[in-house]
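Protein chains in written order, with the numbering used here: chain A, 328 to 584; chain H, 328 to 584; chain F, 370 to 718; chain L, 370 to 718.
Take a look at the structure:
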């Protein structure tokens, strides 16, 4: 009895999406809005999705975007965590680097693009560097905050128990800062995709962003929509992925501490 | 004695920035990195700042960017709050719109750009619509969450005290949801600038973003840096502005409730 | 000051509750967390939907929204509007009912004086202490002059002394206003002190409605007995007044000192939590201290019950799991048993 | 089990503290929040910098880091590592000192058995109850076999019964381990129960060091008297044993019943908080209940002191501001005065 009600409710839950898709299909087919060329029906978009996948265009562009995000995000995060740990741990480092970082932090990652186009030139390093910058600053900030917010009591307890400073850093401080570090990573996971497509739209000839601009110039709304679907799925996946990793690594003890 | 120590400390606090600027100036003048053309000294950037301000180029582009942000952010927020209130208040609205919004929410605001270029064309409505979209979804989400999270007890209390439903909505529910609503607004305040310059870099011929791209094509790093300074100041100002408004409106009672 | 009747009311855990609350009485509903006490108040106030019928003064109010039931409700956790000051909180119900500004101000002032909170008029709830919040919430619920007052754990989360004082002030106030009051609490001692009649609820059912005294020495079933804490009922073979307010009770070889004024006693009830066990002899004076033997140890979730025999008499004791783990007692071994002097529950001879 | 000496130690609020803690004694430091008690422990442990000198067994340890001072420290709030299980928390100090895995496991098992927490071995701190956490933290601080044990409010935030039991277990443990113990608490009653000697701290100064008894009837200055709560010292004109563990004390026309075993009494101390005032007559028995007159009402922040005269005797009483506002008393008016029966502080005749 209860099961059935639940099933019925979850069926009702996707009803709005079904209606949405049906409306899309209808408006597209009837050419009610902007004409069928500018507003292709859902089925046409799906067909194009299949077509782009089959001929490898989507896969190729997707892979180059994915590679850039992975390399940029990974290197930016590692560097960010390292600098953040040092800043959080050593007050001198914080005093020296803190003001400069809070000066550079608010510059929109994309604002660096024209500068980097001139400094680096238009090549694979460009999008990777942009993503590096986009992930580096928030991760530094969150890591340093996390490290600094570790309760001094835990450090003192470890000291009286005889632990060396290095042991305290790796066994106490960093583990306890993980929830904060993950906050930074989770934020950047989705953001890096957003910044990447912007960079690809402006300056890079390959990747999902470039495909979007190419589709625009060819007036192929169906391809644009396929790209958007892929993008929103990747943004979601990356954010959920980090959330999952966080739950795995700190879920057992965090949020209760 | 104490005063003096404090003054000394705040003087030490800006020391890293002084060193940073000095280094910048030195590296720029000596042409150590990328040549003086690609890495102008601080003084050259400041001179260009003055020059761009004096001849009105900066002011003109800045004003058109600012106008777009203000209109887009305002309309997006107002629409977002309205839809969010309805979704949070009426469960039917939430059930119907919720799934569609959570489908559209993860699409990067900039992803809409190629689509909107085709649908709207390249005119003033384009950046405004992008900013509208960029602020609409998070504000809807935070507002609806805020409204839904208002403790049922407050509503029941207002009911037993004889208040009508409309009175409860405007005197109890919306005021109590304000902290959440502001979270959405504050997030978007900075984000809207980031999205705007991306849009201007890709498609719009005026505004700070367009100026950035023009400077890039002319290899004028000094102009790029001027634009970045203006941008980072605006991002900060908008975020702080909303934070201030929040403190004004809910600071007296919130965070303690 | 009307009569309230519930007929076959069902909601959440509550199933087919029938209850009559008499005109003007202080009716206390006791029960553990999740017994359905608050649900019952919500049903009477009409802030939730429910099956069954609610009659106020014989009139079916099922279709009547909470706005029109004439009920004042002191919520658990108070539900003071955090964004309004004390005065605005109290005025809320008066504005809602469309009184003019002057009338509202006068009434708010009167109430604040009555509750002695005039000096808190401009403060927000987060700036008030626990006791002050209670008084503001009470003033707010009384502002529209309700005929029925619903109080949900009005003394919870106050320190012992404040709660005791608030209780006696409430009792005074309720008698003065002569409203029909439904008072929910999980604290039996509090219920005994304030109630005209007590209803014991358990798992959504009303198990017993009776006067406070009858509940103790005549629980209707196991579930009520469990709730009142399985008191040790001791038959007295003699009693002797030692000093004003203090009596020594004899039961077999056992002599227990208890605070009590009055005639000879036939039975007394001692609560399991009022008996302390310990493995070492406390340094304090040997007041009501005996040596016993552990008969049985019963683990029940977060509490532990220990049966000890003292001079052929079997006593049930109860403590938290934490407390139990701090003492080393084992079945068959000796323990020190201390009966705390607490207010007495008794039947006179 | 060494002797600890502090010479002119200054840190935070503490100024020029001199103190000698004897080899093997339980030395209790009492004082209000912010008196500098925790700072003193931090100085001894070496987890903070300070001016002055700390000698352990006559050796200057100023340059010695906390890792090498041989100190076990039970922190206030415990500071259990939230990301480690019970067993890993206890093992932390052993691993840090480079013991091999097998030796660590053996020692952890022994400690868990001693503390009766073996069943909690795999749990994280957030899954433990208050009492369980205390025992884990104690086991962790004892693991590296320290010579000095620093305990910061070890029974705080436990319920009354658990805290009482933990205290007696601690006392037993400390005597068995024979470590030098510095025990910090804000609770005077607790200090009296466990201390060999008590130091009263106030605003960073040690005001008095003495045995528990001397403190009460011979406070050195106003600040100590304030801390021990300005007890009403009552000269007894006679006393009479009513029953085992209960005595009736006479002072002028006043007769007070108190729990006490032993000889005649010369003086007793009654705490201002142990005297209740109320404007209405409680329904309970008239045990130690008198009628008095309000002489003076003194507001002191969150507490209120009321001086009442009962039969020519002047009594100082104290209650919270919240409690005070629940009762209507005024200078010059009559009040009901109830003296609670609590454990007695006394000087024998």
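Glycine included, C-beta positions come from ideal geometry on N, C-alpha and C. A quick note: this is a predicted structure, and the numbers were derived from the prediction, not measured.
- The continuous stretches of alpha helix (DSSP H) do not include residue 645 of chain L, which lies in the beta strand (DSSP E) extending over residues 644 to 647.
- Residue 465 of chain H places its beta carbon less than 9 angstroms from that of residue 407 of chain H.
- Taking 3 residues as the shortest admissible run, the stretch 571 to 606 of chain F contains the following complete beta strand (DSSP E) segments, listed from N- to C-terminal end: 574 to 579, 601 to 604.
- For residue 419 of chain F, no beta strand (DSSP E) run applies, since DSSP gives it neither H nor E.
- The DSSP-derived three-state label of residue 527 of chain L is coil.
- Membership of residue 668 of chain F in the beta strand (DSSP E) is indicated by the continuous run 658 to 669.
- For the set L:517, L:544, L:502, L:464, the Cα lying nearest the Cα of residue 524 of chain L is the one of L:502.
- Residue 386 of chain A carries a helical assignment under DSSP once its states are collapsed to helix, strand and coil.
- Here residue 526 of chain F is exposed. Its C-beta has fewer than 16 other C-beta atoms within 10 Å.
- If you look at residue 620 of chain L, you'll find it in the beta strand (DSSP E) that goes 615 to 620.
- For residue 374 of chain L, the enclosing beta strand (DSSP E) starts and ends at 373 to 380.
- With a beta-carbon spacing of about 7 angstroms, residue 641 of chain L and residue 674 of chain L fall inside the 8 angstroms limit used to define contacts.
- Residues of chain F whose Cβ lies closer than 7 angstroms to the Cβ of residue 489 of chain H are, in chain order, 436, 462, 465, 466, 513.
- With 16 or more other Cβ atoms inside 10 Å of its own Cβ, residue 412 of chain L counts as buried.
- Interface annotation, residue 392 of chain A: not in contact with chain H, CB-CB separation never under 9 angstroms.
- Between residue 605 of chain L and residue 567 of chain L, the C-beta spacing is not below 9 angstroms.
- Taking a Cβ-Cβ threshold of 9 angstroms, the residues of chain H close to residue 446 of chain F are 478, 480, in chain order.
- A residue is called buried once 16 or more other Cβ atoms fall within 10 Å of its Cβ, and residue 671 of chain L, having fewer, is exposed.
- Residue range 517 to 521 is occupied by the beta strand (DSSP E) that includes residue 521 of chain F.
- Membership of residue 514 of chain A in the alpha helix (DSSP H) is indicated by the continuous run 501 to 529.
- Look at residue 558 of chain A here: in three-state DSSP terms it is helix.
- Contacts with chain H at 9 angstroms (Cβ-Cβ) do not include residue 523 of chain F.
- Not a single CB atom of chain L sits nearer than 9 angstroms to the CB of residue 416 of chain A.
- Contact fails between the stretch 655 to 664 of chain F and the stretch 386 to 406 of chain L, because fewer than three Cβ pairs, one in each stretch, are under 8 angstroms apart.
- Contact annotation for residue 410 of chain A against chain H: no contact, minimum CB-CB distance about 14 angstroms [criterion: below 9 angstroms].
- Short of 7 angstroms from the beta carbon of residue 419 of chain L, and not among the five residues preceding or following it, lie these beta carbons of its own chain, in chain order: 378, 379, 380, 412.
- Assigned with DSSP and collapsed to three states, residue 406 of chain L falls in helix.
- Under the criterion of beta carbons closer than 8 angstroms, residue 680 of chain L and residue 623 of chain L qualify as touching, at roughly 5 angstroms.
- Assignment of residue 411 of chain L by DSSP, reduced to helix, strand and coil, places it in the helix class.
- For residue 381 of chain L, none of the residues of chain A pass the 9 angstroms Cβ criterion, the least Cβ distance being about 14 angstroms.
- The residue among L:559, L:706, L:533 with its C-alpha nearest the C-alpha of residue 646 of chain L is L:706.
- Residue environment: residue 484 of chain L is assigned as buried (16 or more neighbouring CB atoms within 10 Å of its CB, all protein chains considered).
- Using a 10 angstroms sphere on the CB of residue 669 of chain L, the tally of other CB atoms stays under 16, which defines it as exposed.
- Contact between residue 496 of chain H and residue 416 of chain H holds: their C-beta atoms lie close to 6 angstroms from each other, under 8 angstroms.
- Identification of chain A residues near residue 562 of chain H by a Cβ-Cβ cut-off of 7 angstroms yields 433, 435, ordered along the chain.
- Taking 9 angstroms as the cut-off, the beta carbon of residue 691 of chain F is found no closer than this to the beta carbon of residue 446 of chain L.
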